[in-house]
Every structure is written in structure tokens, then in C-alpha cells.
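Taking UniProt numbering, the leading residue of the sequence shown gets 1, the next gets one more, and so forth. For glycine and all other residues, C-beta sits at the position ideal for the given N, C-alpha and C. First comes the structure, then the notes that go with it.
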Amino acid sequence: MDSDLYIFLCIFNLFIHICCGAEYAYTIEVDAGKHNCFFQTVNNTHHKFMEIDYQVVDGGDLNINFVMLFGAKILLQETKKVEGSHKFSMEESGDYQLCFDNSFSYQTRKVLFFELFLLDENGSFDETNMVEEFGPIRQEYTGLGFEMQKFQKASNNIKNLLNKIEYHQSLLRAYEARDRAIMNANFDRVTLWSVVNSIILVIVGLLQVYMIRSLFEDNSKLGQLLRRQHF
Numbered sequence: 001m002d003s004d005l006y007i008f009l010c011i012f013n014l015f016i017h018i019c020c021g022a023e024y025a026y027t028i029e030v031d032a033g034k035h036n037c038f039f040q041t042v043n044n045t046h047h048k049f050m051e052i053d054y055q056v057v058d059g060g061d062l063n064i065n066f067v068m069l070f071g072a073k074i075l076l077q078e079t080k081k082v083e084g085s086h087k088f089s090m091e092e093s094g095d096y097q098l099c100f101d102n103s104f105s106y107q108t109r110k111v112l113f114f115e116l117f118l119l120d121e122n123g124s125f126d127e128t129n130m131v132e133e134f135g136p137i138r139q140e141y142t143g144l145g146f147e148m149q150k151f152q153k154a155s156n157n158i159k160n161l162l163n164k165i166e167y168h169q170s171l172l173r174a175y176e177a178r179d180r181a182i183m184n185a186n187f188d189r190v191t192l193w194s195v196v197n198s199i200i201l202v203i204v205g206l207l208q209v210y211m212i213r214s215l216f217e218d219n220s221k222l223g224q225l226l227r228r229q230h231f
């Protein structure tokens, strides 16, 4: 194999291992009167912080209840929020539970987007310890004359920048989806009331024509009643 191609494949392999860190993004649907819970296992001492960002993008008043638990301990609780962004320290390893509650809604389901990040003690996405688990890969880089620390630092910087870009893109997509949902809801509301008003105008117009015609009919009971009240 050509040496340049081999070096490129090795670098790409390491970059993939570094960049596939503990970060997750989901779009979920919570039915009316229901709640959905998700569990995130944290068993890596390298992860010191967890960051959760969520936003309701469709359904009803665009709000939802959010609860984060560790065992029976409530770490965070919010009621009827449109969006939220939280970062907190993880003092213990174990299963962290994230619940989105739509039980207060009787008819409308909610669609929401959320992202979860597991961060190191510096609050970054550094996954250097993941690379250390691949001993043969590290030996290959050493044999090729690479300084692993410099490459890891550069890869982590690139990863942090890409994560910021991805986060803002996801946020803009969520805003766009929410604005579209609001626009569609307003369109449906305007259309409904326009139809209702049009029907009322037609009924009132027909009623006025009927009343005016009855004034000129001698045998019309309504015309007699109106003439009697007038005179």
C-alpha cells in the first residue's frame, strides 16, 4: 500500500474514533396524556458533566414538562417549557433518566428535539481516553513518527468546532420547524374563522332579503308583525 494512503487511512481512523464521542441527538413524539423516558448510562470517569438541550417544535402550545432523575433523586424539573438548556456536574456513575411529560395535554401530541452531551472536566468533548483503548493504533502512529498529543489536540479542536456548528444547525432546524408549526396552526385558525364568518354573512344576507320581502307581502305573518311594530 502506498505510504501516503496508509498515513491518510490511519489519521482518518483515529479521527473517527475521537469524533464519535458521547453525544446524542433525537427527535421524538410524546402522545397526549403520556410521558417518554430515556436512560443514559455513565460509567466512564472521564465524563464529568452532562449537557441537555431540548425544544418543542410542534403540537399544542409548544410546551412540555421535563424531569431528570438519578435513581430516586430529582436533579432537574421544569414545567410547561418551550425549550431548555442545562449543564450540570455528574458526581456519580450510573443510569441517568430523562423524562418528557405530556400528561397535562388531553388531545395534542408534542414533537420535540433534544441533544445530550457527555463532557470532560474542562467542559469539552475531549475523547482522548477512547484512543488510548486502541493500543495497536497508537503503536502505528508512533511508528510513523506522529506526535500523538499534538494530533489529539488538533483533532479535539476540530471536533469542538464541528460540534458547535452542528449544535447551531440543529437549533436553527428546530426553530424553523417550530415556526412552520406555528404558521400552519395560524393558517388553520384563520381559515376556520374566515369560513365561519362567510357562512354567517350569507345567512344574515338571506335573512335580510327574506325580511324585506315579507314587508311587501300582505299574507306574510312576519311582514304583518314588522309593520305592526313599525306603526
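Helix, strand or coil at residue i [DSSP, three-state]
i           : result
TYR106      : coil
PHE216      : coil
GLU176      : helix
ASN65       : strand
residue 287 : This structure does not reach residue 287, given that the chain is present from 1 up to 231, and the question cannot be answered.
ALA181      : helix
VAL82       : coil
GLU121      : coil
ALA25       : strand
GLY223      : helix
ALA72       : coil
Residue i - partner residues in DSSP beta bridges
i      : result
ASN36  : PHE100
LYS87  : GLU51
GLY94  : VAL42
TYR210 : Per DSSP, none; premise fails for TYR210.
GLN77  : VAL67
THR191 : Paired residue(s): none; THR191 is not in a bridge.
VAL111 : GLU29 and ASP58
LEU116 : TYR24 and ILE52
Within 8 Å, strictly: CB atoms of residue i and residue j
i      : j      : result
THR108 : ALA185 : no
LEU118 : HIS47  : yes
LEU62  : VAL82  : yes
GLY94  : PHE66  : no
TYR24  : LEU116 : yes
ILE64  : VAL30  : yes
MET68  : TYR26  : no
SER214 : LEU207 : no
Any C-beta of chain C under 8 Å from that of residue i
i     : result
GLU29 : The structure shown contains no chain C; it is built from a single protein chain.
Practice problem: Would you be able to state if there are at least three C-beta pairs under 8 Å between the region 194-206 and the region 48-55? | Solution: no
Practice problem: Count the C-beta pairs between the region 33-41 and the region 160-167 that are closer than 8 Å, then say yes if the count reaches three, no if not. | Solution: no
Exercise. Count the CB pairs spanning the region 109-122 and the region 55-66 that are closer than 8 Å, and state whether there are at least three.
Key: yes
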